[in-house]
Amino acid sequence: MQQEDIQQISNLLDQKLDQKFKDNNKILKGEIRTEFKENNKVLKGEIVDEIGVIFSQSFNELEVKIDLIDEKLNLVVDKDDKIIKKQQDFEAEMAANLGAHDRFEETFAKTDKRIKVMEDKLKTKCAAA
């Protein structure tokens, strides 16, 4: 009988020990999961923060590049405006020169006619003399 009692007590202790082991495992798993979830949240937050910093830096760099391009574009536009102004000035000067050339041609033609008239008169006087 003692042997049976000892066996029953041993079985009960084994059952209690198994139950305690299972309970401890549940507690540990719950704690590990909770800690894992908390660590994940922290890591995700840190990653999101780092991504935010990277995006912020990237956008700042892009803004600087856009500003530089805008400045260069303004310089190009200013140069184009100066070139257009020089072209307009050149065209105005060419028009003035063409007008002066036309007046010179008219004066030259009149002078040429007067010279021919004078030559004809001189020839006529020489032939008459």
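Start counting the sequence shown at 39; every next residue gets the next number (my numbering). Just so it is clear, CB atoms sit at the ideal spot from N, CA and C, and this is done for glycine as well. Note that this is a predicted model, so its numbers are computed, not measured.
Measuring only from the beta carbon, is residue i closer than 6 Å to any heavy atom that is part of the ligand PLP?
i, result
"glutamate 73", "Only the bare structure without any ligand can be found here, which leaves the ligand PLP out of the picture."
Check whether the Cβ of residue i lies closer than 7 Å to any Cβ atom in chain C.
i, result
"isoleucine 65", "The structure shown has no chain C; it contains just one protein chain."
At 3 residues or longer, what runs of the beta strand (DSSP E) sit wholly inside the stretch 77–118? Entirely contained in the stretch 77–118, not one beta strand (DSSP E) run reaches 3 residues.
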